[in-house]
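Numbering (our numbering) for the sequence shown: 191 to 512. Taking it in order: structure first as structure tokens, then the write-up.
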Amino acid sequence: MITKANREKLVIGTRGSQLALWQANYIKGLIEDLVDIPVEIKTIKTTGDKILDVPLAKVGGKGLFTKELEVELMAGTVDLCVHSMKDVPTDLPEGLVMAGIPAREDARDIMISHTGAGFNELPQNARVGTSSLRRIAHVRNLRPDIEIVDVRGNLDTRMRKAEDGELDAVILAAAGIRRLGWGDRITTYLSTDIMISAVGQGAVGVEIRDDDTFMHEVCEHITDPATMRCIMAERVVMNRLEGGCQVPIGAYCRYEEGTSILRIDAMVGSVDGSTILRVSQTGDDSDPIALGESVVAELKDMGADEVLAAVRAATDAAELLK
């Protein structure tokens, strides 16, 4: 048990979606096992939650799902923020740090189809829902015939669009579906050979004020070191390529079974699917940052900067979804 350091309570800041609340309650439970003070949850609406009728690629900007939470963290109205790591920009506001990352869930993408068809079995010209430029780049590269349909909203709403036949399929992250107890609704798990995951996908992060020594101690107890190292490597790729949620970049790092060796797969793609740059490297887990930087260097040698420049130069990002 950690001493309470003269605190009467701890307040967790989170978005109000079903998945975000699951994640906040998960972290709440971990913390309650460590401290002898009340832990509360405060829901905060973010820009990304308010704009549901516009593709994320068109909204632009960083921190669409984190900025408002960080404002309250800096103001001291909450003691920690809980995020999906794939939503967190690699550059945090001054004075804030990502201090806690528990063990990761399944990092893969999945597909839900009302017919039960796998990716390669989808009919010609199938309508597939996603709002992720990374997923769009992969899909168009493998199946140029598929029609992409932008879908936003909560997970259940998006899944039902496929289950009710409005769409042939939707592509989502496995972690959220499994955490909410809906794993039996998954039709297909998409291997990284088909689709490299988003940076941080499947991981939950705890952001705190850097000068909060008490919360640093708490986060040390709830962090899984292996997951933390993998996320560090992935976030280096995103940071050095100056990417974000609205850029087709993927990186997935994990341990080679039974070893201290990290393997990372990374990609940069054009949204029309004509170009997919893929890299796979291994390195010792003592320096995940160096591994991430090595991957970035190889991607840049392959032309990643030029591919990403073309994406950023689009006059109307919504057109990228067509």
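Just so you know, even glycine gets a beta-carbon here, dropped at the ideal spot from N, CA and C.
Inter-residue Cα distance where the pair is Lys-232 and Leu-323: 31 angstroms
Does the distance from the CB of Ile-376 to the CB of Val-461 come in under 7 angstroms? no
Tell me which same chain residues have a C-beta within less than 7 angstroms of the C-beta of Ile-421, skipping the five on either side of it? Met-275, Ile-291, Gly-390 and Ala-393
Environment of Lys-351 [buried if 16+ CB atoms lie within 10 Å]: buried
Using beta-carbon positions only, say whether Arg-399 and Asp-475 come within less than 7 angstroms of one another. no
Helix, strand or coil at Thr-204 [DSSP, three-state]: strand
Determine the direct distance from the alpha carbon of Ala-423 to that of Val-360, and round the result to whole angstroms. 28 angstroms
Span of the beta strand (DSSP E) holding Gly-319? 317 to 319
Taking Ser-470 as part of the beta strand (DSSP E), name the residues at either end of that continuous run. 466 to 474
Would you report the Cα separation of Asp-574 and Asn-315, rounded to the nearest angstrom? Look at the range of the chain in this structure, 191 to 512, and you will see that residue 574 is not part of it.
So, using beta-carbon positions, are Gly-459 and Ala-388 closer together than 7 angstroms? no
Short of 7 angstroms in beta carbon distance, which residues of its chain neighbour Lys-218, apart from the five on each side in sequence? Order them along the chain. Ile-202, Val-229 and Ile-231
What residue range is occupied by the uninterrupted beta strand (DSSP E) comprising Ser-303? 299 to 303
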